[in-house]
Amino acid sequence: MFAYYFNLALRSLRRNVVLTALMIAAIGVGIGASMTTLTVFRAMSGDPIPQKSRQLFAVQIGNWDPQLKRGLGASSDNLQPQLSYIDAMALIKAHAAARQTAMYATGFALTPSNPEVRPFQVQTRATYTDFFPMFQVPFRYGAPWSAAEDENRAEVVVISTELNDKVFAGLNSVGKTLNLDGRDYRVVGVTGHWSPTPKFYDLNNNQFDKAEEIFVPFTRAIEAQMFSWGNYNCSGDVGEPGWEGRLRSECVWFQFWAELPSADSLARYRMFLNNYASDQRRAGRFTWLPAIRLRDVREWMEYNQVVTNSARILVLVSFSFLFVCLLNAMGLMLAKIMGRASDIGVRRALGANRYAIFSQCLIEAGVIGLAGGILGLLLTALGLAGLRALLSQDVGRLTHFSVADVSIAVALSVGAAVLAGLYPTWRAAQVQLAWQLKAQ
Amino acid sequence: MLKMTHLSKAYRTEVLETYALRDFSIHVKEGEFVAVTGPSGSGKTTFLSIAGLLEEFTGGEYQLDGANVRGLNDNQRSRLRNEKIGFIFQAFNLISDLNVQDNIDVPLRYRGFNAAERRRRIQEALSRVGLSARSRHYPAELSGGQQQRVAIARALAGSPRLLLADEPTGNLDTQMARGVLDLLEELHRDGATIVMVTHDPELAVRAQREVHIVDGQVVDLGAQPRSVGNAFVANAT
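If you read the protein sequences in the order shown, they are chains A and B.
The numbering of the first sequence is the numbering used here, which starts it at 380 and goes up by one.
The numbering of the second sequence is the numbering used here, which starts it at 4 and goes up by one.
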């Protein structure tokens, strides 16, 4: 009977084109508005690495006096989201996690081999080789550098596939060199398309920026005295002047991540951090109680307020708008269905039970929802294109519509239309037969 | 076939109770063609609605084809209506956005017949009412008489045990009315049980017997057996 009801629904919708168009428009506009905000919201709040988000932990160590007035970048618990060089190096040397990496945002001036192309700046991430397997970075060519190359401060880089396309015309560039800040760096790997949204591994800087185009060994970047292109925060004492002074200061500018695949390893690592902080206190570096935190990816995103309250409110407002649209659609549907009460009466007289009438009307509501969903998808695409035009390129990355988003839009639309159709449909099934037929 | 015993139908409000039918008894046997007459507001249509299981009754008993219909739920009433009763309405009640064959198809769909069976029954019914050539026409493209023939075909297609007709010629001119009535008589001669409500005494004469309703009760018209076609049945109330 589904095909029969579906066919009846199409006939019924053709019967009153204006009313049908109004219903579809009401649902479509509501879906368009809500899906536009939902798409951005999902991109902001989605798990960027679902397979490992419970195994990767951002590390925090309270190296600033908690009695001090909160500095720029300090969070609600007065812990800094980044580490000092002293702490980052201590954790790296201890190697207490299965995998670990310290890192910071920096940059190179790249001088192409083609003299006709002018040098340009490239965002770079200084990190350790563990970064690539930890964050599941895909490789198009080559592989990450080795731990020995980390140790030896090797002049090697991994570049993004976009940079490889730009500089090496997309060919395998492994073994070739890039002139970066006047020195030759050997390319050891080219990543595949990889740009997690949000950029969870460094939320201190632009949260929705794309991934860096060059990755260089952390040790090499420190050796080359490459300054941070990201947040660099100090508690008031900026330390001694010069590069060495910066490294010895309590200023924080490094992100630190540990991969802890089991509850045991997490407990052990937490104990290790507590012991480390206690040691620092005993050594007189910290004069306050040890404070350490380990947060997994989702907790880290929550802690850094990746999804702002205004974004949540916007989603709420847009879904309220969808609700209003549905009320309108429900009114129109009620008018349409009750306008066909005589037909319903005839069908009941000819043997349709209430369930059959209910099914027929609900399928009609579903068809309206489907059409509204398609219109909603078009409006969502328009809405997202508008956002892309209005907002910065970084935020524009949030406006991509995935297959999942399409499915959500269609399911939401059909579900909403069926929901809106429940009351009119129930009314239709209650049509008083005899009275209806007498009224003919 | 249809037996109502001391049946009543009351419409109640907080302050008023109005009886549309009171102590109403009627027995229509298989193969009969009965005309139900009476002035406006006498309860003819209420009787037909209850007989067609379109409306519930308040008291008494009603047996349709041997089955007591009191206390049946909506599902059971719908199934009984679909399987045993064919309706012919004064206003034809065809569904305007379905063509002739799709209109006839409606009760067959609810019956659960497969496509081949439905097609066979539709063709047979259309052939019976002489509208085979109009199967793709929409109601608006047919005359009143043709529309009523389609309605009759729809009523016949499911091979019902009982045909209920409510003023079947009320919306037709004389010539069309005669054609429709001829068709009903032909169906009766072929064995159909027909109950026809009408306020037109001339039409009532064409039936096998007449039941007169006044103020919701059957009024004895006296023993006036009439012969119609091959049937000859005495008044039975």
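Backbone N, C-alpha and C define an ideal beta-carbon position, used for all residues, glycine too.
Given the structure is predicted, the values throughout are model-derived calculations rather than measurements.
Looking at the structure shown, is Phe50(B) part of a helix, part of a strand, or coil, going by DSSP? helix
Under a Cβ-count criterion, where at least 16 other Cβ atoms within 10 Å of its own Cβ denotes burial, should Gly621(A) be classed as buried or exposed? exposed
Val631(A) versus Gly609(A) - alpha carbon distance: 11 Å
Sequence-distant residues of the same chain with beta carbon closer than 7 Å to Gly745(A), five excluded per side: Val793, Ala796, Val797
Kindly say whether Arg433(A), judged by its beta-carbon, lies nearer than 8 Å to any beta-carbon of chain B. no
Determine the DSSP secondary structure at Met4(B), reduced to helix, strand or coil. If DSSP states are grouped into helix, strand and coil, Met4(B) belongs with coil.
Compare the C-beta of Thr21(B) against all C-beta atoms of chain A and say whether one is closer than 8 Å. It does not: the Cβ of Thr21(B) has no partner Cβ on chain A nearer than 8 Å.
Does the beta carbon of Tyr113(B) sit closer than 8 Å to a beta carbon anywhere in chain A? yes
For Leu78(B), count neighbouring Cβ atoms within 10 angstroms of its own Cβ and tell me buried if that reaches 16, exposed if not. The sequence as given places Asn at residue 78(B); Leu does not occur at that position. Its Cβ having fewer than 16 others within 10 Å, Asn78(B) is exposed.
Would the region 420-436 of chain A and the region 593-609 of chain A be scored as touching if the rule is three or more Cβ pairs under 8 Å? no
For a quick check, are the C-beta atoms of Val132(B) and Ala156(B) less than 8 Å apart? yes
State the beta-bridge partners of Trp636(A) as determined by DSSP. Ala437(A), Thr480(A)
Within 10 angstroms of its Cβ, does Gly568(A) collect 16 or more other Cβ (buried), or is it exposed? buried
What's the gap between the Cα of Gly147(B) and the Cα of Val72(B)? 34 Å
Could you pull the start and end residues of the alpha helix (DSSP H) that Arg114(B) belongs to? 103-114
Please return the same chain residues whose Cβ sits closer than 7 Å to the Cβ of Arg229(B), not counting the five positions on each side in sequence. Since pLDDT at Arg229(B) reaches only 49, below the 50 mark, its modelled position is unreliable, and the value read off the structure follows with that caveat. Here the set comprises Gln211, Arg212.
Quick check on Glu33(B): does DSSP put it in helix, strand or coil? coil
Whole-angstrom Cβ separation of Ser697(A) and Thr416(A), contact assumed at under 8 Å? 4 Å
What residues from chain B crowd round Leu729(A), counting only those whose CB sits closer than 8 Å? Arg84, Asn85, Phe90, Val109, Pro110, Tyr113, Arg157
Residues of chain A with CB closer than 9 Å to the CB of Asn78(B), please, in chain order. Per Cβ cutoff of 9 Å: Asn732, Arg733, Tyr734.
Pick helix, strand or coil for Val183(B), following the three-state DSSP scheme. Here Val183(B) sits in helix by DSSP.
Supposed close pair Leu791(A), Ile403(A) - CB separation, criterion 8 Å: Actually they are not in contact, since the Cβ atoms of Leu791(A) and Ile403(A) sit about 15 Å apart, beyond 8 Å.
Indicate whether at least one CB of chain A lies closer than 8 Å to the CB of Asn71(B). no
Counting C-beta neighbours from all protein chains within 10 Å, is the total for His9(B) 16 or more, i.e. buried, or is it exposed? exposed
With a threshold of 8 Å between beta-carbons, can Gly44(B) be considered close to chain A, or not? no
With a cut-off of 8 Å on the beta carbons, I'd call Thr778(A) and Arg767(A) a contact; round off their distance for me. 5 Å
What number of angstroms, rounded off, separates the C-alpha of Ser644(A) from the C-alpha of Tyr802(A)? 55 Å
Can you say whether Arg15(B) is buried or exposed, counting buried as having 16 or more other CB atoms within 10 angstroms of its CB? Result: exposed.
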